[in-house]
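>
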Amino acid sequence: MLTAWSEALQPTPLIVLLDEVDVMRGPVLINLLRQLRAGFTSRPRRFPASIALIGMRDLRDYLTHAKDGVPVNPGSPFNIKSASLTLRNFTAQEVAALYQQHTDETGQIFTPEASTRAHWWTRGQPFLVNALARICTQQLLPAPTQPITAIDVDRAKEELILARTTHLDSLAERLKEDRVARIIEPVITGDKPFSIPYDHDDFEYVVDLGLIVRGAQGAEPANPLYREVLARQLSYNVQMATPAPWWRWQTEEGRLDFPALIDAFLDWWRENEAAITAQGDRKYPEAMPHLTFMAFLQRVVNGGGTVLREYAAGRGAVDLLITYGQDRFVVELKRAAAGVQGMDRAKDRGSRQLADYLGTLDEEEGWLLIFDQRTSSTWKDRLWREERVIDGRTIHLCGA
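If you count the sequence shown from 1, you need to add 1 to reach the numbering used here.
(1) Which one of L398, R350 and G400 has the shortest CA to CA distance from D473?
(2) Give me the DSSP bridge partner(s) of R111.
(3) For the stretch 278 to 305, which segments carrying the alpha helix (DSSP H) assignment without a break, of at least 4 residues, lie completely within its bounds, in sequence order?
(4) Return helix, strand or coil for K335, following the three-state DSSP convention.
(5) So what does DSSP say about G76, is it helix, strand or coil?
(6) At which residues does the beta strand (DSSP E) containing T138 begin and terminate?
(7) Does the distance from the C-beta atom of F372 to that of R346 stay below 9 Å?
(8) Using a C-beta cutoff of 9 Å, does Q147 count as contacting chain D?
(9) Check each candidate in A50, L30 and N32 and name the one with the smallest Cα separation from Q11.
(10) Could you check if F41 is buried or exposed, using at least 16 other CB atoms within 10 Å of its CB as the buried criterion?
(11) Could you tell me the alpha carbon to alpha carbon distance between A288 and T146, rounded to whole angstroms?
(12) Using C-beta distances below 7 Å, list every residue in its chain close to S236, excluding the 5 sequence neighbours before and after it, in chain order.
(13) Which residues in the same chain as V207 place their Cβ atom closer than 6 Å to its Cβ, once the five residues preceding and following it in sequence are excluded?
(14) Suppose the cutoff is 8 Å on Cβ atoms and the five residues either side in sequence are ignored; what does the same chain contact list for D258 look like?
(15) Report back the beta-carbon spacing between V319 and Y312 to the nearest angstrom; my notes put them in contact at under 8 Å.
(16) To the nearest whole angstrom, what separates the beta carbons of A115 and A151, a pair I think is in contact under 8 Å?
(17) Could you check which residue in L370, L169 and D153 has the C-alpha nearest to that of I110?
(18) Which residues share a DSSP beta bridge with T307?
(19) List the whole-angstrom C-beta distance separating L370 from C399, where the pair is believed to meet the contact cut-off of C-beta under 8 Å.
(20) Hey, R256 and G326: beta-carbon distance below 9 Å or not?
(21) Just to confirm the assignment: which complete alpha helix (DSSP H) runs, minimum length 4, are found wholly within the stretch 148 to 220?
(22) Using CA atoms only, rank isn't needed, just tell me which of Q234, I52, I277 and D209 is closest to K177.
(23) Could you give the residue range of the alpha helix (DSSP H) that holds T6?
(24) Hey, how far is the Cα of D20 from the Cα of T138?
(25) Measure the alpha-carbon distance for A261 versus G305 and round it to whole angstroms.
(26) Spell out a yes or no on whether the stretch 259 to 278 and the stretch 215 to 226 are touching, meaning 3 or more CB-CB pairs, one atom from each, closer than 8 Å.
(27) Tell me whether T123 sits in a helix, a strand or coil according to DSSP, three-state version.
(28) By the three-class DSSP mapping on this structure, what secondary structure does A1 have?
(29) According to DSSP, H397 sits in a beta bridge with which residue or residues?
(30) Got a sec, what are the start and stop residues for the alpha helix (DSSP H) S352 sits in?
(31) Buried or exposed: G108, going by 16 or more other Cβ atoms within 10 Å of its Cβ?
(32) Among the residues of its own chain, which have a CB less than 8 Å from the CB of L210, if the five just before and after it don't count?
(33) Between which two residues does the alpha helix (DSSP H) harbouring V29 extend?
(34) Determine the extent of the alpha helix (DSSP H) in which A232 is found, giving its start and end residues.
(35) Within 10 Å of its beta-carbon, does R386 have 16 or more other beta-carbons around it, so buried, or fewer, so exposed?
(36) Output needed for I81: all residues of its chain with C-beta closer than 7 Å, excluding positions within five of it in sequence on either side, in chain order.
Take a look at the structure:
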């Protein structure tokens with residue numbers, strides 16, 4: 002068919018873009034590539050001059066998967082690849098220019114703050130940039146007379162995550178792969194940077210998927226929106242299984258009673274930790290305590306507040322900024338594990354890191370939650386409270 006098509010178009014060369022090539026596996030994929038290789042020497046008169054295989058992975062990864070994990074022989078008949086190209090992210094100026102096209106056609110304005118916010122959430126990832134704009138213009142504010150603000154972009158972000166679009170569902174499926182979990186888990190815990198094989202194909206694979214990038218502190222999620230997606234996807238089952246707040250979690254003024262939230266979580270964690278550990282995602286065992294707290298937190302503030310997450314492979318902890326109404330609460334998550342760091346070290350380093358983070362946010366107090374994963378610790382050892390003052394800022398330390 003390709004030969005006949007190419008001959009019919011002569012002297013015009015034929016270029017074929019084969020999209021969604023990821024869906025093929027095993028013998029079907031091998032068969033396709035063999036046919037493309039067989040026609041290679043007949044180009045451009047009797048075969049397409051160029052063929053692009055479009056998907057989420059590099060051709061090398063398709064082949065390795067098709068050959069049951071066996072690395073591709075450089076001398077194999079599939080060595081006709083010219084290059085692997087990745088669609089680069091938009092710059093902030095390009096995001097603004099794209100949104101301006103919508104304004105020119107409809108009259109509906111994206112404020113400069115909205116464009117800036119969209120670029121911040123996505124770092125210019127093309128699908129996400131367009132998805133946020135689509136939700137804003139078609140769902141949240143369909144009337145052209147309504148300007149789109151940064152607040153609307155934040156609402157669109159939440160809708161995008163909850164809608165679990167095909168794109169995000171595809172990424173969620175990748176998180177189940179062993180080679181992806183091997184990279185993502187130390188990114189989430191933040192305290193095992195040297196466990197990431199930066200020179201391995203697995204790392205390049207996860208980068209190619211667009212899940213992570215090489216940041217200043219090591220591997221980190223590719224953009225703030227993916228920070229949300231990774232944490233919430235991996236903790237989704239826990240969040241859905243967590244009951245609605247059963248304690249008095251609001252003050253009489255309707256504000257979030259954060260000390261009460263911490264107390265409730267510690268009680269709940271003691272009752273459910275064994276079951277969560279046993280039934281949780283076995284590919285992310287070390288990250289499960291962090292993910293569980295984030296799921297518990299999301300269950301409480303969902304609809305009335307926001308949770309911003311900061312984590313990277315070399316960060317040493319997970320930093321959370323919870324906004325609820327007029328209040329902001331800062332939490333840092335660390336763990337004390339045998340062979341990694343002792344409890345005293347976790348307390349000292351965590352307190353110093355949290356104090357610095359509070360200084361950046363200009364907040365006066367924060368919570369340091371340390372999960373004790375040492376095998377010799379009993380619940381009597383694990384549940385404790387302490388308070389420190391560093392640089393005039395109050396640190397509430399809690400063991401879990």
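No residue lacks a Cβ here, since even glycine has one placed at the ideal position from N, Cα and C.
From a predicted model like this one, the values you see are computed outputs, not experimental measurements.
Let me lay it out:
(1) No statement about residue 473 is possible, as the shown extent of the chain runs from 2 to 401 and does not include it.
(2) One-based indexing of the sequence shown puts residue 111 at position 110. It should be noted that the sequence gives Phe, not Arg, for residue 111. Answer is I149, bridged to F111.
(3) 289 to 302
(4) The residue labelled residue 335 in the question sits at position 334 within the sequence shown. K335 falls in the strand class under three-state DSSP.
(5) In the sequence shown, residue 76 corresponds to position 75, counting from 1. With a pLDDT of only 44 at G76, under the threshold of 50, the placement of this residue in the model should not be trusted, and no figure is reported.
(6) Locating residue 138 in the sequence shown gives position 137, counting from the first residue. No beta strand (DSSP E) holds T138; DSSP gives it neither H nor E.
(7) Here residue 372 corresponds to residue number 371 of the sequence shown, with the count starting at 1. Here residue 346 corresponds to residue number 345 of the sequence shown, with the count starting at 1. No.
(8) Given the protein chain composition of this structure (a single chain), no chain D is represented.
(9) Walking along the sequence shown from the start, residue 11 turns up at place 10. Of A50, L30 and N32, the residue nearest in Cα terms is A50.
(10) On the sequence shown, position 40 is the one that residue 41 refers to. Label assigned to F41: exposed.
(11) The sequence position of residue 288 within the sequence shown is 287, counting from 1. The sequence position of residue 146 within the sequence shown is 145, counting from 1. Each residue's alpha carbon lies about 46 Å from the other.
(12) As a first step, residue 236 must be located in the sequence shown, where it is residue number 235. Counting only Cβ-Cβ distances below 7 Å, and skipping sequence neighbours, we find L292, T293, M295 and A296.
(13) Residue 207 sits at position 206 when you count from the first residue of the sequence shown. Leaving aside the five residues that flank V207 on each side, the residues in its chain whose CB is nearer than 6 Å to its CB run, in chain order, V181, I184 and I213.
(14) Locating residue 258 in the sequence shown gives position 257, where the first residue counts as 1. Take D258, set aside five residues on each side of it, and the residues of its chain with a beta-carbon closer than 8 Å to its own are R249, W250, Q251 and T252, in chain order.
(15) Numbered from 1 along the sequence shown, position 318 holds the residue referred to as residue 319. Numbered from 1 along the sequence shown, position 311 holds the residue referred to as residue 312. Right, the Cβ-Cβ distance comes to about 5 Å (below 8 Å), so this counts as a contact.
(16) Here residue 115 refers to the residue found at position 114 of the sequence shown. Here residue 151 refers to the residue found at position 150 of the sequence shown. Indeed, because the Cβ distance is near 5 Å, the residues count as touching under 8 Å.
(17) To locate residue 110, count along the sequence shown from 1; it is residue 109. It is D153 whose Cα lies nearest to the Cα of I110.
(18) Within the sequence shown, the letter at position 306 stands for residue 307. According to DSSP, T307 bridges with T324.
(19) The sequence position of residue 370 within the sequence shown is 369, counting from 1. The sequence position of residue 399 within the sequence shown is 398, counting from 1. Confirmed, about 5 Å.
(20) In the sequence shown, counting from the first residue as 1, residue 256 sits at position 255. In the sequence shown, counting from the first residue as 1, residue 326 sits at position 325. For R256 and G326, yes; Cβs fall inside 9 Å.
(21) 151 to 164, 167 to 175, 179 to 190 and 202 to 209
(22) Position 176 of the sequence shown, counted from the start, is the residue given in the question as residue 177. Cα-wise, what sits closest to K177 is Q234.
(23) Looking up residue 6 in the sequence shown gives position 5. Checking the sequence, you will find Trp at residue 6 rather than Thr. Note, W6: alpha helix (DSSP H), L3 to L10.
(24) Within the sequence shown, residue 20 is the residue found at index 19, counting from 1. Within the sequence shown, residue 138 is the residue found at index 137, counting from 1. Spanning the two alpha carbons is a distance of roughly 27 Å.
(25) Taking the first residue of the sequence shown as 1, we reach residue 261 at position 260. Taking the first residue of the sequence shown as 1, we reach residue 305 at position 304. Going by the C-alpha atoms only, they are around 17 Å apart.
(26) no
(27) Counted from its first residue, the sequence shown places residue 123 at position 122. Reduced to three states, the DSSP call for T123 is helix.
(28) Past the boundaries of the shown model lies residue 1; the chain is included only from 2 to 401, so the question cannot be answered.
(29) Translated into the one-based positions of the sequence shown, residue 397 becomes position 396. DSSP output for H397 lists W368 and E388 as bridge partner(s).
(30) In the sequence shown, counting from the first residue as 1, residue 352 sits at position 351. M344 to L362 is the extent of the alpha helix (DSSP H) around S352.
(31) Looking up residue 108 in the sequence shown gives position 107. Answer is exposed; the Cβ neighbour count stays below 16.
(32) Position 209 of the sequence shown, counted from the first residue, corresponds to residue 210. Closer than 8 Å at the Cβ level, and outside the excluded window around L210, lie M57, R58, L172, R175 and V181.
(33) Here residue 29 corresponds to residue number 28 of the sequence shown, with the count starting at 1. Note, V29: alpha helix (DSSP H), G27 to G40.
(34) Counted from its first residue, the sequence shown places residue 232 at position 231. Taken as a continuous stretch (DSSP letters only), the alpha helix (DSSP H) holding A232 covers P225 to L235.
(35) In the sequence shown, counting from the first residue as 1, residue 386 sits at position 385. Looking at its Cβ environment, which holds fewer than 16 other Cβ atoms inside 10 Å, R386 is exposed.
(36) As a first step, residue 81 must be located in the sequence shown, where it is residue number 80. So the list reads R38 and F41, once near-sequence residues are dropped.
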